[in-house]
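> Numbers 1 to 310, taken from this note's numbering, label the letters of the sequence shown in order. C-beta atoms are modelled at their ideal positions from N, C-alpha and C, and glycine is treated no differently. Questions regarding the structure given below will be posed in turn.
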Amino acid sequence: MKKILQYFLFILQFVFIFSSNSYCQEYIFKIVAATKNVQIKTNGSGDWSQLKTGDKLFTDDIIQLKNNEYVGLAHVSGATLELRNAGIFKVNDLKMYLAGKNSSVLKKFSDFLISEIITTRNEKKSDDHGAVFRERANYLEVDFPKSTFVFDSLTTFKWYKHENQNFYVFKLMNPAGITVYMQKVTDTTLAVNFKNLNLDKDTCYFWSIYLQDEEPISSDTSCIKIMNRQKSKVYLSEMKSLKDDTAFTKNSLQNILLAKYCEEKELNYEAFRYYENALQSAGNVQEYKDLFTQFLFRQNLLKRIDQLKN
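Structure below.
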């Protein structure tokens with residue numbers, strides 16, 4: 001009986017040690033994006049090495065940022081954190097900032113974002129996708145997604161100035177080709193409040209820009225749809241949750257996550273704006289530039305890609 005008891009205690013001790021070691025090996029953060037000079041000391045010792053998207057950080061790791069460096073972190077719970085200030089940071093201290101935070105929606109999009117960044121890096125498709133922008137005669141370039149859902153609210157259309165021209169006409173047509181809204185403008189932007197137009201929901205309306213008195217000089221025709229109220233309510237609520245759950249990353253990483261969320265929901269107008277906001281606060285993060293480039297390519301906005309590269 002005594003031998004059985006000793007054997008039982010030995011097994012319990014083994015299970016306890018194994019469980020403790022397994023627990024210690026659970027990662028605390030994953031790297032979402034980092035500039036090239038962000039470094040790590042594994043277990044707080046040894047030589048510094050470069051951090052990359054997808055790398056995992058554990059309790060005893062230490063990371064170092066120099067001036068003008070950046071790292072975006074996704075906690076195992078789904079919460080996110082950004083570091084921008086030069087210094088040395090212990091992972092065990094960083095996790096305290098996110099105590100009690102948990103978000104399944106945010107974790108889903110953090111994991112998706114990391115996966116997409118790694119895929120982009122490995123396939124090396126983000127630079128130009130083989131696309132070369134060339135100015136086209138008798139054509140107006142737009143700076144707006146070619147297809148998008150929008151909420152039933154104010155939407156700002158943008159296009160590029162045509163040489164020696166200051167008068168433009170914005171035209172919106174229903175699926176039957178009947179003009180439902182037209183506006184002459186002298187600027188290269190136009191804000192339209194769709195609430196005032198009483199348009200059908202989830203229906204593709206076609207819009208374009210052309211030069212006044214010179215209709216052959218025009219933009220491509222693009223599609224815009226007003227999202228129905230039920231979907232709008234759900235998506236706006238989820239976007240609010242994402243914003244609340246990214247309180248520590250209210251600049252670039254929050255905007256990138258919101259951009260990916262909106263893109264998945266075909267809210268490309270919103271995604272476009274979030275990508276732009278992300279790059280305004282983290283223009284030196286190549287991973288974010290690559291994601292924006294991919295988005296622009298999907299929306300056939302080659303002139304903006306050309307500007308981004310330059």
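With PHE29 as the anchor, note down where its beta strand (DSSP E) starts and where it stops.
Unbroken beta strand (DSSP E) run through PHE29: 29-34.
> For the candidate residues LYS195, THR35, PHE151 and LEU211, whose alpha-carbon lies nearest to that of GLN230?
The shortest Cα separation from GLN230 among LYS195, THR35, PHE151 and LEU211 belongs to PHE151.
> What did DSSP end up calling PHE58 once you bin it into helix, strand or coil?
Coil at PHE58, not helix or strand.
> Roughly how many angstroms separate the alpha carbons of ASN251 and ALA259, rounded to a whole number?
Cα-Cα distance, rounded: 12 Å.
> Since LYS90 is in the beta strand (DSSP E), which residue starts that stretch and which ends it?
It spans 87-90 - the beta strand (DSSP E) in which LYS90 sits, taken as one unbroken run.
> Only counting the same chain, and skipping five residues up and downstream in sequence, which positions put a Cβ closer than 8 Å to that of THR203?
Counting only Cβ-Cβ distances below 8 Å, and skipping sequence neighbours, we find ASN174, PRO175, LYS225 and ILE226.
> Short of 6 Å in beta carbon distance, which residues of its chain neighbour ILE31, apart from the five on each side in sequence? Order them along the chain.
Once the five neighbours on either side are set aside, the close Cβ partners of ILE31 are LEU51, THR53 and ASP55.
> Roughly how many whole angstroms lie between the Cα atoms of VAL185 and TYR139?
The straight-line gap from Cα to Cα measures roughly 17 Å.
> If we ignore side chains and look at the alpha-carbon of each, how far apart do VAL180 and TRP207 end up?
Each residue's alpha carbon lies about 10 Å from the other.
> I'd like to know whether the C-beta atoms of TYR319 and ALA282 end up nearer to each other than 9 Å.
Because residue 319 is not part of the residues shown, which for the chain are 1 to 310, the question remains open.
> What does a CB cutoff of less than 6 Å around LEU98 pick up in its chain, not counting 5 residues either side in sequence?
Excluding sequence neighbours, LEU98 sits near HIS75 and ALA79.
> Excluding sequence positions up to five away, which residues of its chain have a Cβ less than 6 Å from the Cβ of LYS146?
Contacts found: SER222, GLN299 and ASN300.
> If you scan the stretch 192-251 from start to end, which runs of the alpha helix (DSSP H) of 4 or more residues do you find wholly inside it?
Qualifying alpha helix (DSSP H) stretches, in chain order: 229-245.
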